[in-house]
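Scroll down for the structure; my scribbles are underneath it.
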Amino acid sequence: MSEGPARVDSWLWAVRIYKTRSAATTACRAGHVRVNGDKAKAAQPVKPGDELRVRISGFDRILVVRQTLTKRVGAPLAAAAYDDRTPPREPMAMNAVRDRGAGRPTKRERRDIDRLRGRE
């Protein structure tokens, strides 16, 4: 745990947003990380109070840095290092899709599809 600024890719890895530091670096290069509204390079420093927008699997997570970390820590300490201000997502409806060429659905699969579509 450090008091000074930390690299944004290192911080994202340390607080367990990305599994590896290289994945965090790649996300920065691709433009998926913004610090205070501006696209961030991997070596850009972050300090307490900075707002990060991280795009993961098509959705933005909004994180406010509470504490700078350069080493990976346990999950409870990592969660305490940032405020998650991400608005809740609305649930998405699931569609029943079968693989092409999978053949005719079995009786059990037809029941599952009907249940999914709300036709019970």
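For the sequence shown, my numbering assigns the number 8 to the initial residue and increments by one for each residue that follows.
Quick reminder that beta carbons are idealized off the backbone N, C-alpha and C, glycines included.
Next item on the list: Go ahead and pull the three-state DSSP assignment for ARG23.
Entry: Residue mapping note: residue 23 aligns to position 16 of the sequence shown, counting from 1. Look at ARG23 here: in three-state DSSP terms it is coil, with no helix or strand label.
Item checked: Beta-carbon proximity of ALA85 to VAL22, cut-off 8 Å -> As a first step, residue 85 must be located in the sequence shown, where it is residue number 78. As a first step, residue 22 must be located in the sequence shown, where it is residue number 15. ALA85 places its beta carbon less than 8 Å from that of VAL22.
Next item on the list: For the beta strand (DSSP E) containing GLU58, list its first residue and its last residue.
Entry: Counting from one through the sequence shown, the residue named residue 58 turns up at place 51. Counting along the chain, the beta strand (DSSP E) containing GLU58 begins and ends at 58–63.
Notebook entry, point to check: Between the beta-carbon of VAL61 and the beta-carbon of TYR89, is there less than 8 Å?
Noted result: Locating residue 61 in the sequence shown gives position 54, counting from the first residue. Locating residue 89 in the sequence shown gives position 82, counting from the first residue. For the pair VAL61 and TYR89, the CB atoms are not nearer than the 8 Å cut-off.
Check: When DSSP labels each residue in this structure, what does ALA82 get in the three-state scheme?
Finding: Counting from 1 along the sequence shown, the entry for residue 82 is found at position 75. ALA82: helix per DSSP, three-state reduction.
Next item on the list: Check whether the Cβ atoms of LYS48 and CYS35 sit closer than 8 Å, and answer yes or no.
Entry: Residue 48 sits at position 41 when you count from the first residue of the sequence shown. Residue 35 sits at position 28 when you count from the first residue of the sequence shown. Their beta carbons are under 8 Å apart, which means LYS48 touches CYS35 by this criterion.
Item checked: Other residues of its chain near ASP57: CB distance less than 8 Å, five sequence neighbours each side excluded -> Taking the sequence shown and counting its residues from 1, the one referred to as residue 57 is at position 50. Excluding positions up to five away in sequence, the list reads VAL42, ASN43, VAL71, VAL72.
Margin query: Within 10 Å of its beta-carbon, does ALA13 have 16 or more other beta-carbons around it, so buried, or fewer, so exposed?
Written below: Counting from one through the sequence shown, the residue named residue 13 turns up at place 6. That one is buried.
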